[in-house]
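**Q** Chain order of the listed sequences is A and B. According to this note's numbering, the residues represented by the first sequence are 5 to 372, in order. According to this note's numbering, the residues represented by the second sequence are 57 to 569, in order.
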Amino acid sequence: MLKAVLGALVPLLAAVVAFAFGAIMLLALGANPLDGLNAMLDGAFGSGSRIAATAVKATPLILVGAGIAIAFRTSVINIGGESQIIAGALLSTVVALTLPDLPAFILVPLVLLAGATGGALLGAIPGALKAYASVNEILSTIMLNLVMVQVMNYLLRGPLIDPFEMEAGTRIPQTQRLSDNAALPTLIDGTRLHIGVPVAILAAVAAYLILWRTPTGFRLRAVGHSPEAARAAGISVKRNVTLAMALSGSLAGTAGSILVFGSESQRMVTDGSAAGFTGSAGFNGIVAALFGGLHPLWTIPSAMLFGALLTGATQLQRVLQVPAALAVALNGIIVIFVISSTPVRGWLQRSLADSGLFRRSGNHSEAD
Amino acid sequence: MGSDENILEMRGITKVFPGVVANDNVDLDVRYGEVHTLLGENGAGKSTLVKILFGLYKADEGSILLRGQPIAVGSPSEAIASRIGMIHQHFMLVPTLTVAENVALGMTSSRRPFTDLDAVSRRVSEISEEHGLAVDPSVEVRRLAVGERQRVEIIKALYRDAELLVLDEPTAVLTPGEVDDLFVILRRMADAGRGLIFISHKLREVMSLSDRITVLRNGRVVGGTTPAQTSREELAQMMVGRTVRLTPEKPVLDDGPALLSVENLTVHGDRETVAVDDISFDVRSGEIFGIAGVSGNGQRELAEAIAGLRGVEPGSSIRLDGVDATGDDTRARRDRGLGFIPEERMRDGAIAEFTVSENLVLVDYGSDEFTSRGMLAFGAIGQHSRRLVDEFAVKTPGIDTPTSSLSGGNIQKVILARELSASPTVLLACQPTRGVDIGAAEYIHTRLIEQRSIGTATILISEDLDEVLGLADRIAVMYEGEIVAIVPAEEATRDKVGLLMAGVVDPAPQTNS
Numbered sequence: 005m006l007k008a009v010l011g012a013l014v015p016l017l018a019a020v021v022a023f024a025f026g027a028i029m030l031l032a033l034g035a036n037p038l039d040g041l042n043a044m045l046d047g048a049f050g051s052g053s054r055i056a057a058t059a060v061k062a063t064p065l066i067l068v069g070a071g072i073a074i075a076f077r078t079s080v081i082n083i084g085g086e087s088q089i090i091a092g093a094l095l096s097t098v099v100a101l102t103l104p105d106l107p108a109f110i111l112v113p114l115v116l117l118a119g120a121t122g123g124a125l126l127g128a129i130p131g132a133l134k135a136y137a138s139v140n141e142i143l144s145t146i147m148l149n150l151v152m153v154q155v156m157n158y159l160l161r162g163p164l165i166d167p168f169e170m171e172a173g174t175r176i177p178q179t180q181r182l183s184d185n186a187a188l189p190t191l192i193d194g195t196r197l198h199i200g201v202p203v204a205i206l207a208a209v210a211a212y213l214i215l216w217r218t219p220t221g222f223r224l225r226a227v228g229h230s231p232e233a234a235r236a237a238g239i240s241v242k243r244n245v246t247l248a249m250a251l252s253g254s255l256a257g258t259a260g261s262i263l264v265f266g267s268e269s270q271r272m273v274t275d276g277s278a279a280g281f282t283g284s285a286g287f288n289g290i291v292a293a294l295f296g297g298l299h300p301l302w303t304i305p306s307a308m309l310f311g312a313l314l315t316g317a318t319q320l321q322r323v324l325q326v327p328a329a330l331a332v333a334l335n336g337i338i339v340i341f342v343i344s345s346t347p348v349r350g351w352l353q354r355s356l357a358d359s360g361l362f363r364r365s366g367n368h369s370e371a372d
Numbered sequence: 057m058g059s060d061e062n063i064l065e066m067r068g069i070t071k072v073f074p075g076v077v078a079n080d081n082v083d084l085d086v087r088y089g090e091v092h093t094l095l096g097e098n099g100a101g102k103s104t105l106v107k108i109l110f111g112l113y114k115a116d117e118g119s120i121l122l123r124g125q126p127i128a129v130g131s132p133s134e135a136i137a138s139r140i141g142m143i144h145q146h147f148m149l150v151p152t153l154t155v156a157e158n159v160a161l162g163m164t165s166s167r168r169p170f171t172d173l174d175a176v177s178r179r180v181s182e183i184s185e186e187h188g189l190a191v192d193p194s195v196e197v198r199r200l201a202v203g204e205r206q207r208v209e210i211i212k213a214l215y216r217d218a219e220l221l222v223l224d225e226p227t228a229v230l231t232p233g234e235v236d237d238l239f240v241i242l243r244r245m246a247d248a249g250r251g252l253i254f255i256s257h258k259l260r261e262v263m264s265l266s267d268r269i270t271v272l273r274n275g276r277v278v279g280g281t282t283p284a285q286t287s288r289e290e291l292a293q294m295m296v297g298r299t300v301r302l303t304p305e306k307p308v309l310d311d312g313p314a315l316l317s318v319e320n321l322t323v324h325g326d327r328e329t330v331a332v333d334d335i336s337f338d339v340r341s342g343e344i345f346g347i348a349g350v351s352g353n354g355q356r357e358l359a360e361a362i363a364g365l366r367g368v369e370p371g372s373s374i375r376l377d378g379v380d381a382t383g384d385d386t387r388a389r390r391d392r393g394l395g396f397i398p399e400e401r402m403r404d405g406a407i408a409e410f411t412v413s414e415n416l417v418l419v420d421y422g423s424d425e426f427t428s429r430g431m432l433a434f435g436a437i438g439q440h441s442r443r444l445v446d447e448f449a450v451k452t453p454g455i456d457t458p459t460s461s462l463s464g465g466n467i468q469k470v471i472l473a474r475e476l477s478a479s480p481t482v483l484l485a486c487q488p489t490r491g492v493d494i495g496a497a498e499y500i501h502t503r504l505i506e507q508r509s510i511g512t513a514t515i516l517i518s519e520d521l522d523e524v525l526g527l528a529d530r531i532a533v534m535y536e537g538e539i540v541a542i543v544p545a546e547e548a549t550r551d552k553v554g555l556l557m558a559g560v561v562d563p564a565p566q567t568n569s
């Protein structure tokens, strides 16, 4: 019981301490921390449309985070969220360009599916390389991030560029405005809340169900905890490592197509960098997943928190005239505190156990 | 036998952990020059007692007298300063450092701030020579065999001039040959006047090494004796608290059809050398086929090849129930009726983080019985798990308890329950009772014999010669990757099989069936 309370309390405490650090930084910049907090809360939750904006910001983080949970539970480190997002976005863009006239009720699911497929492919490649050729997946996913940026830049500057940009000679690397039939329908008028948000939440729930309620998830977790025991039980480690990366990638890829078809511009644009398109969701999703204890369901509120941080930071910058980099710094500080809270939690539990304040649940005796 | 003077007296030691009384008013005295054995099941409180002596735990009650003087040991460094040495069950060595560096680790150099490794090496050589502990001080520890690493641990203690030496289950990781060597060394150290506390639950070893024996059960001293006054059976009874059958009874069965046929099997080891060299044998229905041998003679590779975890060389053939299974993976072989109890329980047999229930269905989670509409059927899985926990008397708070919190014997019962519940036609049991309590071992043996009675073909790979001699109908002895002889149980004696294990092939005509 106490263990569970500590489990939830320590990361929250870490967040509070991180915010305290943020307050110190605001003071150093000559701003009032309380005003700062106010501005952030106002920016993130101040109105219906702001809450919607926060949820929309959180959407890719939920998807990537749920995917990260699947990969990490299988003991595969997926740092390739960025490349998988881009691949999903590109494939769904191609689908929307090829089949612009399909009715929305077919085209919207189709572009989302295309996104998932593109991401799955970019996940399966490093997964299979790890499984069948022992290529370190951290290296291969990071390398693929770099590769996919260039693929995106090439396609958006060449084959996929808006024909109008060619005519006008401006050559901005972006696609033409994509079919309105592919646009993600908004759920509440006047806000940006689109169906990508519930899709992401459902995907996280599905990730949870897959991991803990299906034979597939049983295999993935078995491989994640002990490849040797899984193998001896007749579970293919290679197949499941590849599958985990493909599933993880498919969620990131879905985020990619949501970024394109949930945007106001309704087109894919590049500024030459990965972050310019993804907003670093491929990395921030990892943070959201870690903050959520690598549990797909806890990733949802955790991603919301980081979404709020992102939208709140915009307001913070506007009201207090402080650099937007402050939000990035705050983000980083939270990560450091949350990650270092794991040993703190273990230490707390041990010292409480030693003091005899609570009894262990299992028969985990120290005798012999 | 030692002198009458005590080097150590522990009086009325009591230690309570949350929910467990690990030591309950325990008395122990050790004389100069004797090997005093602490005997007891896992969890009896042996390790707790010596950890208190070594300053790793603090006793709630009781006193310790060392050389007649009361002492309070607050930490291991104080224990070492009082000339108490401890050889832990798991070695405390840095693999990438040399023997001399490991010995010097944590000590003050005579040439501070520089090292004095030459001096250390010289002293290590002296100690090795004096005590017959052959080890080269300049070799990196990672290059040493397990038995040699243990010698380094002993040298470490002797280097610190330990007069009272505690050995916590030192034989658990050793081969029979290494055990013999160790015992010669230990005896010599005792004869030189040191006091030794030997912790074990292996009765044969206890009988051969000890001067005196103190038996612990559930944290209490239940008796003290000497090997001359007792027997293995009596010791087992004291440990467990009830009568134990050390040699199981087997019904006589008729020969059944061969369910496992291995022909011309050649398997490479991890370093691409030949580990199993062209061996052939059949295992029949209702037969336990024992494979004896000193560890490292190809048994592990043989087991992995039969389980489908290791590739075989061309020309090899493995048939399960008459059907060629050489190209099958582990899943397919299991589907054909192969049950597999792996040697490394915690690495290959069960997943520590999984619950007892999850480990019980680690093989069959996907069967129709345990799934419905693509989802795991937790109702059916729970029912199945509760039934197995009951039937196999697994001691666990519940089926959703993490397996890591169970004792070794109970984890082994979980694995056994899983493998037997699938009604295997061929059962591959590797070291099924290694490190397991006597009570659990007895139970596992009974189940293996039951399995034999219902017609399973069992391959029993074990380094415990008593186990193989007690259970097997035929005994194959492996030496350097080959089966040097297959001996029917009635002709197998300890001496005969022991010689074969050492590679000495009986000059008398050997029986191959």
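For glycine and all other residues, C-beta sits at the position ideal for the given N, C-alpha and C. Remember, predicted model here, so these are calculated numbers, not experimental data.
1. Of all the CB atoms in chain C, is at least one closer than 8 Å to the CB of B:R390?
2. Is the distance from the Cβ of B:N98 to the Cβ of B:D493 below 8 Å?
3. Which word fits B:H92, buried or exposed, when buried means at least 16 other C-beta atoms lie within 10 angstroms of its C-beta?
4. Suppose contacts are defined by Cβ-Cβ distances below 8 Å. Is A:T145 in contact with A:P167 by that definition?
5. Just to confirm the assignment, what range does the beta strand (DSSP E) spanning B:A478 have?
6. Exposed or buried, B:A292, counting other C-beta atoms within 10 Å across all chains shown (16 or more means buried)?
7. Roughly how many angstroms separate the alpha carbons of B:L484 and B:S341, rounded to a whole number?
8. Locate the beta strand (DSSP E) running through A:F222, then write down its first and last residues.
9. Taking the alpha carbon of B:A246 as the point to measure from, which residue in B:E399, B:D333, B:E90, B:V195 has its own alpha carbon closest?
10. Give a yes or no on whether the minimum CB-CB distance between B:L84 and chain A is below 8 Å.
11. Between the Cα of A:P37 and the Cα atoms of A:V326, A:E268, A:V332, which residue gives the shortest distance?
12. Spatial neighbours of B:E425 within its chain, please: CB distance less than 7 Å, with the 5 preceding and 5 following residues excluded, ordered by chain position.
13. Among the candidates B:V332, B:A388, B:I347, whose CA atom is the shortest distance from the CA of B:P370?
14. Residues of chain B with a CB under 7 Å from the CB of A:T218: which are they?
15. Fully enclosed by the region 66-136 of chain B, which alpha helix (DSSP H) runs are 4 residues long or longer?
16. Please confirm whether B:G188 and B:R244 have their CB atoms less than 8 Å apart.
17. Can you confirm whether the region 242-258 of chain A touches the region 389-397 of chain B when touching is taken to mean that 3 or more C-beta pairs between the two stretches lie within less than 8 Å?
18. Grab the span of the beta strand (DSSP E) containing B:N320 for me, first residue to last.
19. Going by the beta-carbon positions, is the gap between A:I89 and A:L263 smaller than 8 Å?
20. So for A:L191, helix, strand or coil by DSSP?
21. Return helix, strand or coil for B:F434, following the three-state DSSP convention.
22. Which ranges would you report for the alpha helix (DSSP H) in the region 56-90 of chain A if only whole runs of at least 4 residues count?
23. If you draw a straight line from the C-alpha of B:I471 to the C-alpha of B:E134, how long is it?
24. Is it the case that the region 42-50 of chain A contacts the region 307-322 of chain A, given that we only count it when at least three CB pairs across the two stretches are under 8 Å?
25. Spell out a yes or no on whether the region 294-304 of chain B and the region 342-353 of chain B are touching, meaning 3 or more CB-CB pairs, one atom from each, closer than 8 Å.
26. Relative to the C-alpha of A:V203, which residue among A:P231, A:T174, A:R181, A:G257 is closest?
27. Exposed or buried, B:F170, counting other C-beta atoms within 10 Å across all chains shown (16 or more means buried)?
28. Take every Cβ of the region 271-289 of chain A, pair it with every Cβ of the region 191-199 of chain A, and state whether three or more of those distances are shorter than 8 Å.
29. May I ask you to report which of helix, strand or coil DSSP gives B:I362?
30. Determine contact between the region 103-119 of chain A and the region 160-179 of chain A, defined as no fewer than three beta-carbon pairs at a distance below 8 Å.
31. Can you give me the start and stop residues for the alpha helix (DSSP H) that B:F170 sits inside?
32. Helix, strand or coil for A:R54, going by three-state DSSP, please let me know.
33. Quick one, are the C-beta atoms of A:A73 and A:H299 less than 8 Å apart?
34. Quick one: what's A:T258 bridged to in DSSP?
35. What's the call for B:Y88, buried or exposed, on a 16-neighbour Cβ count within 10 Å?
36. Any idea if B:S287 is buried or exposed, counting beta-carbon neighbours within 10 angstroms, 16 or more meaning buried?
**A** Per the coordinate set shown:
1. The chain labelled as chain C is not found among the protein chains of the depicted structure, namely A and B.
2. At a Cβ-Cβ threshold of 8 Å, B:N98 and B:D493 count as neighbours.
3. Label assigned to B:H92: buried.
4. No, the Cβ-Cβ distance between A:T145 and A:P167 is not below 8 Å.
5. Per DSSP, B:A478 belongs to no beta strand (DSSP E) and is neither H nor E.
6. Per the 10 Å Cβ criterion, buried.
7. Here the alpha carbon of B:L484 sits roughly 13 Å from the alpha carbon of B:S341.
8. Run containing A:F222: none in the beta strand (DSSP E); it sits in the alpha helix (DSSP H), 219-229.
9. Closest by alpha carbon: B:E90.
10. For B:L84, the answer is no, since every Cβ of chain A falls outside 8 Å of its Cβ.
11. Nearest to A:P37 by alpha-carbon distance, out of A:V326, A:E268, A:V332, is A:V326.
12. Cβ within range, chain order: A436.
13. Across the set B:V332, B:A388, B:I347, the C-alpha of B:V332 shows the shortest separation from the C-alpha of B:P370.
14. Those are G430, M431, L432, listed as they occur along chain B.
15. Listed in chain order, the complete alpha helix (DSSP H) runs (minimum 4 residues) inside the region 66-136 of chain B are 102-109.
16. Closer than 8 Å, so yes.
17. Fewer than three pairs of CB atoms, one per stretch, sit closer than 8 Å, so the region 389-397 of chain B makes no contact with the region 242-258 of chain A.
18. 314-324 is the extent of the beta strand (DSSP E) around B:N320.
19. Contact: yes.
20. Reduced to three states, the DSSP call for A:L191 is coil.
21. DSSP places B:F434 in helix when its eight states are reduced to three.
22. Listed in chain order, the alpha helix (DSSP H) elements of length 4 or more contained wholly in the region 56-90 of chain A amount to none.
23. Annotation: B:I471 to B:E134 spans about 42 Å, alpha carbon to alpha carbon.
24. Yes, the region 307-322 of chain A is in contact with the region 42-50 of chain A.
25. Proximity of the region 294-304 of chain B to the region 342-353 of chain B falls short of the contact definition, fewer than three beta-carbon pairs being nearer than 8 Å.
26. Just measuring C-alpha positions, the residue of A:P231, A:T174, A:R181, A:G257 sitting nearest A:V203 is A:G257.
27. Within 10 angstroms of the beta-carbon of B:F170 lie fewer than 16 other beta-carbons, which makes it exposed.
28. Cβ pair count under 8 Å is below three, so no.
29. Three-state DSSP puts B:I362 in a helix.
30. Contact between the region 103-119 of chain A and the region 160-179 of chain A is absent, because fewer than three Cβ pairs lie under 8 Å.
31. Looking at the DSSP string, B:F170 is not in any alpha helix (DSSP H), and its letter there is neither H nor E.
32. Three-state result, A:R54: helix.
33. Contact: yes.
34. In the DSSP output, where bridge partners are listed per residue, A:T258 has none listed.
35. With 16 or more other CB atoms across the displayed protein chains lying within 10 angstroms of its CB, B:Y88 is buried.
36. Note on B:S287: under 16 other CB atoms within 10 angstroms of its CB, so exposed under the neighbour-count rule.
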